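As they're listed, the protein sequences go chains A and B.
Per this note's numbering, the first sequence starts with residue 1, numbered consecutively.
Per this note's numbering, the second sequence starts with residue 1001, numbered consecutively.
Worksheet: the structure to be examined is printed underneath.
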Amino acid sequence: SQKIEQNSEALNIQEGKTATLTCNYTNYSPAYLQWYRQDPGRGPVFLLLIRENEKEKRKERLKVTFDTTLKQSLFHITASQPADSATYLCALDTSGGYNKLIFGAGTRLAVHP
Amino acid sequence: NAGVTQTPKFRILKIGQSMTLQCTQDMNHNYMYWYRQDPGMGLKLIYYSVGAGITDKGEVPNGYNVSRSTTEDFPLRLELAAPSQTSVYFCASREGDQPQHFGDGTRLSIL
Chain A
1 SQKIEQNSEA LNIQEGKTAT LTCNYTNYSP AYLQWYRQDP GRGPVFLLLI RENEKEKRKE
61 RLKVTFDTTL KQSLFHITAS QPADSATYLC ALDTSGGYNK LIFGAGTRLA VHP
Chain B
1001 NAGVTQTPKF RILKIGQSMT LQCTQDMNHN YMYWYRQDPG MGLKLIYYSV GAGITDKGEV
1061 PNGYNVSRST TEDFPLRLEL AAPSQTSVYF CASREGDQPQ HFGDGTRLSI L
C-alpha cells in the first residue's frame, strides 16, 4: 500500500542546534516533494520544493534533500530558534499538472532556549 | 491581498444538519482544493477544481459536494452532517507551477 511517514513523536532540540526531520514514502513515484510549516490554529505555509532530479535545495537556514532510491527526504533547520517551533509537513505530488498533494501527518518541532 | 479566506472559523452542527463552508481567494488562481485534517493524520484531499465550472473528486469525497461558478469562490457543502465529518477543513489555491496557498481553516464539530 502507499504510505508517507513522518516521525510522529515531537522533536525537542536546543536553540542553535540543527533540527533534522525525516519524510519516508513507499509505493509512490513523486514528481516532486514539498515541505510546509503549520502553526497551531493556522493553515500550512509553503517552505521549499524539491524535484525528483534534484538532490538538495537550500533557502536561508533551511535545507532539503531528496533521495528517490531510499524514498526519503530530509529537512534541516540550521541554527534553530524558538520561533522555528511548529509542525512541519511533507507532501508528495504524484499527479503531474494537477498538483494533488499527498501529505504526511507532520512532525512537531520544539526549540528550547 | 487577503490570499485565501475561509468562513466561518468555527461551527458546531447537529447530526443531520447541512451547511456550506465558504472559501474565496483574491489571487486569480485557477486551481483550488479542499482538504480535511484530523488529529494525527495528514491532510486528505476532498475535492479540487482546475477552473470555473470544473470540479473533481479527491481521496475522501463522500458526504461532500462542491461547486465552482467563479474563479474566486469554491464552497464546500455538507448535506447531512455526520460525527465522522468533525474535522478541520482547509481550502487552498495555486496557479501555474507555484505551491499551494492555504486559508486558516474552519473547525467543525458535529454533535
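We put the beta carbon where it would ideally sit given N, CA and C, even for glycine.
These figures come from a predicted structure and were not determined experimentally.
Interface residues of chain A facing residue i [CB-CB closer than 7 Å]
i       : result
B/R1094 : N99
B/P1099 : Q34, F46 and L49
B/M1041 : A105
Nearest-angstrom Cβ-Cβ length linking residue i and residue j, presumed shorter than 8 Å
i       : j       : result
B/S1049 : B/V1066 : 7 Å
A/T26   : A/Q72   : Actually they are not in contact, since the Cβ atoms of A/T26 and A/Q72 sit about 10 Å apart, beyond 8 Å.
Environment of residue i [buried if 16+ CB atoms lie within 10 Å]
i       : result
A/Q2    : exposed
B/M1032 : buried
A/N53   : exposed
A/S85   : buried
B/P1083 : exposed
B/T1024 : buried
A/I102  : buried
B/I1012 : exposed
A/A10   : exposed
A/D93   : buried
Cα-Cα separation between residue i and residue j, rounded to whole angstroms
i       : j       : result
A/N24   : A/T78   : 21 Å
B/M1053 : B/C1091 : In the sequence on display, residue 1053 of chain B carries Gly and not Met. Spanning the two alpha carbons is a distance of roughly 17 Å.
B/R1077 : B/G1051 : 18 Å
B/R1085 : B/G1016 : First, the residue type needs correcting, since residue 1085 of chain B is Gln and not Arg in the sequence shown. Whole-angstrom Cα-Cα distance: 11 Å.
A/N7    : B/I1046 : 25 Å
B/T1055 : B/R1068 : 7 Å
A/A83   : A/I13   : 12 Å
B/K1044 : B/D1104 : 16 Å
A/F66   : B/S1018 : 43 Å
A/N38   : B/P1039 : With the sequence shown as reference, residue 38 of chain A is identified as Gln, and Asn is not the correct amino acid for it. Spanning the two alpha carbons is a distance of roughly 13 Å.
B/G1096 : B/N1028 : 11 Å
Chain A residues whose Cβ lies nearer than 9 Å to that of residue i
i       : result
B/F1102 : Y36, Q38, R42, G43, P44, V45 and F46
B/G1058 : K100
Chain-ordered neighbours of residue i on chain B, where CB pairs are closer than 9 Å
i     : result
A/A86 : Neighbours of A/A86 on chain B: none; closest Cβ ~14 Å, over 9 Å.
Cross-chain neighbours of residue i in chain B, by beta carbon under 8 Å
i      : result
A/I114 : Look at the range of chain A in this structure, 1 to 113, and you will see that residue 114 of chain A is not part of it.
* Asked: Along the chain, which unbroken stretches of the beta strand (DSSP E) at least 3 residues long are found entirely within the stretch 42-97 of chain A?
  -> 45-51, 56-59, 62-67, 72-77 and 86-93
* **Complete beta strand (DSSP E) runs within the stretch 1001-1052 of chain B (minimum length 3 residues, chain order)** => 1004-1007, 1010-1013, 1019-1025, 1031-1037 and 1044-1051
* Asked: Counting only runs that start and end within the stretch 1053-1102 of chain B, where is the alpha helix (DSSP H) found for 4 or more residues in a row?
  -> none
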